[in-house]
Structures are given as C-alpha cells and as structure tokens.
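Each remark here refers to the structure printed beneath this line.
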Amino acid sequence: MDDEIASQIETIERTLIKDSVLGFDPTMLAVLDDVEIAQDEIENLKSRLGPDLFLYLFKIANSAYHGSLKVGPIKHFFDVVNRIGMQHTKALIIQFASHRLAQGDHEAEIIFAKNFAASVVGRIMARGLGFRDDGARKVELACFLSGIGALMMTVYRNHYHTGDFVLSDGFIEENHLYLTERIIRRFQLPEYLHEMIMTNCFILERMGIGSPTVVKLAIAAVEWSFRTLDNKLVFRSPQTSMDDRFTPSLAAMVEEQFAAAGLKKYLIILPETTLASQQMRQNIKARVG
Numbered sequence: 071m072d073d074e075i076a077s078q079i080e081t082i083e084r085t086l087i088k089d090s091v092l093g094f095d096p097t098m099l100a101v102l103d104d105v106e107i108a109q110d111e112i113e114n115l116k117s118r119l120g121p122d123l124f125l126y127l128f129k130i131a132n133s134a135y136h137g138s139l140k141v142g143p144i145k146h147f148f149d150v151v152n153r154i155g156m157q158h159t160k161a162l163i164i165q166f167a168s169h170r171l172a173q174g175d176h177e178a179e180i181i182f183a184k185n186f187a188a189s190v191v192g193r194i195m196a197r198g199l200g201f202r203d204d205g206a207r208k209v210e211l212a213c214f215l216s217g218i219g220a221l222m223m224t225v226y227r228n229h230y231h232t233g234d235f236v237l238s239d240g241f242i243e244e245n246h247l248y249l250t251e252r253i254i255r256r257f258q259l260p261e262y263l264h265e266m267i268m269t270n271c272f273i274l275e276r277m278g279i280g281s282p283t284v285v286k287l288a289i290a291a292v293e294w295s296f297r298t299l300d301n302k303l304v305f306r307s308p309q310t311s312m313d314d315r316f317t318p319s320l321a322a323m324v325e326e327q328f329a330a331a332g333l334k335k336y337l338i339i340l341p342e343t344t345l346a347s348q349q350m351r352q353n354i355k356a357r358v359g
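Positions 71 to 359 (my numbering) are the ones given, in order, by the sequence shown.
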C-alpha cells in the first residue's frame, strides 16, 4: 500500500474512532485486556458503557445462543463478561458501535447485517465441522470483524467525506481489509484474527479445513444469500429440537440472536417440508403425547 492510501485510511479511522461518534469511550476497552482485573473494576465499567450498550450486552449474554438455559439468567456485568469472555465482550462492544455507526444509513446497515449474519453462520458451520466451542467462537468473531473496515469506509463516505480524495466502491473493495487490520491492532484484539481475516487463500489442515477457510465460506454464503434473496439471510431449518422439547431449536436460537441485535428484518427461516422432517415431527409428538 502506498503512503497516500495509508494516509487516507488513517483519516477515516481518526474521524470515526471518537467518543461522540462511537457512543462510548473507546479507551475503556483496554481495561478488559487486564487478565488480573478485579470483579468490582469490571462492574464499575457499567457507568462508562451507557444504558443502550449495557442493555445490548445483557440481551446477548442472556440469550439461549450463549447457554442461558443451562446456567440461568445473569444480573451483573461481571457475569456478562465471565459468560461471554473478555475478548468476545470487547468484540460485542465494537459490534454495538458498528451498529450505531450504521444507523440511518441503509447501505451501511446492510453491511452490518451481513457481518452479523456471517458471524452466526460461521459459528454454526464450525460446530457442524467438528470445531470445539472455543474454535467456533473464534470463527464467529473473525466473521463479524472481517467487514468492519468496509462498514467504516461506507459511513465515512456517506456522512463525513470532505471530497479531498476519491472514495469509490472500488477503493473500498480493495482497501477495506487494511482498515479492519488497523482496528484489530488499535483495540488489541486477539492476534489470531489477523490470520483468519487477512489470509488470501483456503487453508487445509491435516484432518480437514482450517478456521480461516470456514470464515471465508461463511462470508461467501451470506454474500450469496443477500445478493440473490433481497438482502436477507434465508435458510431452511427444523423448527423443533430433536433431543428435548423444552430446548429451543437452532432456528429459534438464531432468530433470538438476530432479534437481540435489532436485525430480525434481515432473517427468514423456512420450515422443513420434506417427508423426513414431517416424520421426525410425528415421532416427537408420539414421544411426548
């Protein structure tokens, strides 16, 4: 990358990484990097989050997607961080800030919706491919953050651009990952994100595909769905859980996640209509009847 483009990307970053734009003090994220941080210090971060961000984190942490049915609802911010993890909490804060940036900008909101959808699809794909939960969450985080540079560039072009340089679709397509890389480093996000996002080829490991490949597959699947299905993630899935009638189905958990993020309008879940799915539902009814 030449110096001129690097300077332009830095201008975009400086403009958007401000308290007044993000809706919170970004320096607070550094507190979550301290592995020795005390419980009361984490709890005291509530006042710096703001009520909207605070509520958003609680809704996500209390969702079935993050295991609330197994361990019960949480009431304290420390429990939010403990359940989700410090790095994932940081990512969710950045996710919320991204949504705030995109509000009122249809083009940017679609990018945000695609990033979010890719994170959900990526985690599901990773678990389906046999990844452990920690590996699946890494895929989830990488999928979401992979498009944050494109979102920021789009917001800057639509609302802050002074016309001192050309910010075309081509410029964004060619350079958005460089801004994503800067955001990862600025907020000291996990180093594995660099490889998972910036790798420009499929990675095959000895026993299967690597996590960077899952990230790319999830992003590609969501891109296809949004491009061909009216800017929505559309998939078909059973509406009931096979193992426990009191456990929400995967479809229900995905729907809950999209609703918690304020993105329900970007999701369509089609019921299964095959003979096999009908037979499965009949079997479930017979067991509980």
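Heads up, the beta-carbon is just placed ideally off N, CA and C, and yes, glycines get one too.
- Should Ala76 go down as buried or exposed, given a rule of 16 or more other Cβ atoms within 10 Å for buried? Residue burial annotation: Ala76 is exposed, with fewer than 16 other C-beta atoms found within 10 angstroms of its C-beta.
- For the beta strand (DSSP E) that contains Arg306, what are its first and last residues? Per DSSP, the continuous beta strand (DSSP E) segment holding Arg306 begins and ends at Leu303 to Arg306.
- Task: With a 10 Å radius around its C-beta and 16 neighbouring C-beta atoms as the bar for buried, classify Ala290 as buried or exposed.
- Result: Ala290 should be labelled exposed.
- What's the gap between the Cα of Lys184 and the Cα of Ser117? Rounded to the nearest angstrom, the two C-alpha atoms are 30 Å apart.
- Query: Taking the beta strand (DSSP E) that Leu340 falls in, what are its first and last residues?
  - Reply: It spans Leu337 to Leu340 - the beta strand (DSSP E) in which Leu340 sits, taken as one unbroken run.
- Message: I'd like the list of long-range same chain contacts for Val91, defined as Cβ closer than 6 Å, with 5 residues on each side in sequence excluded.
- Response: Correct list: empty, nothing qualifies.
- Residue of Gly217, Glu243 and Ser307 minimising C-alpha distance to Ile267: When only C-alpha atoms are compared, the closest one is Gly217.
- What number of angstroms, rounded off, separates the C-alpha of Phe186 from the C-alpha of Thr298? Cα to Cα, the separation comes out at about 18 Å.
- Proximal residues to Asp89 (C-beta, below 6 Å), its chain only, five neighbours per side dropped: Taken in chain order, the residues that qualify are Asp95.
- Query: Phe305 to Met195, Cα distance in whole Å?
  - Reply: Taking the straight line from one Cα to the other gives about 13 Å.
- Task: Would you mind stating whether Lys208 and Leu263 have Cβ atoms separated by less than 9 Å?
- Result: Contact check for Lys208 against Leu263 passes: the beta carbons are separated by less than 9 Å.
- Query: Which same chain residues, not among the five before or five after Leu211, have their C-beta less than 6 Å away from its C-beta?
  - Reply: Excluding residues within five positions, the ones whose Cβ falls inside 6 Å are Ala161.
- Query: By how many angstroms is the C-alpha of His169 removed from the C-alpha of Phe182?
  - Reply: If you take the alpha carbons of Phe182 and His169, they lie about 6 Å apart.
- Glu177 by DSSP, collapsed to three states: which one? Correct three-state label for Glu177: helix.
- Measure the C-alpha to C-alpha separation of Gln157 and Asn132 and round it to an integer number of angstroms. Roughly 17 Å between the two C-alpha positions.
- Task: List the DSSP bridge partners of Gly278.
- Result: Beta-bridge partners of Gly278 (DSSP): Glu275.
- Task: Tell me whether His158 sits in a helix, a strand or coil according to DSSP, three-state version.
- Result: In this structure, His158 counts as helix in the three-state DSSP scheme.
- Task: Can you have a look at Arg255 and say buried or exposed, based on whether 16 or more other CB atoms are within 10 angstroms of its CB?
- Result: Answer is exposed; the Cβ neighbour count stays below 16.
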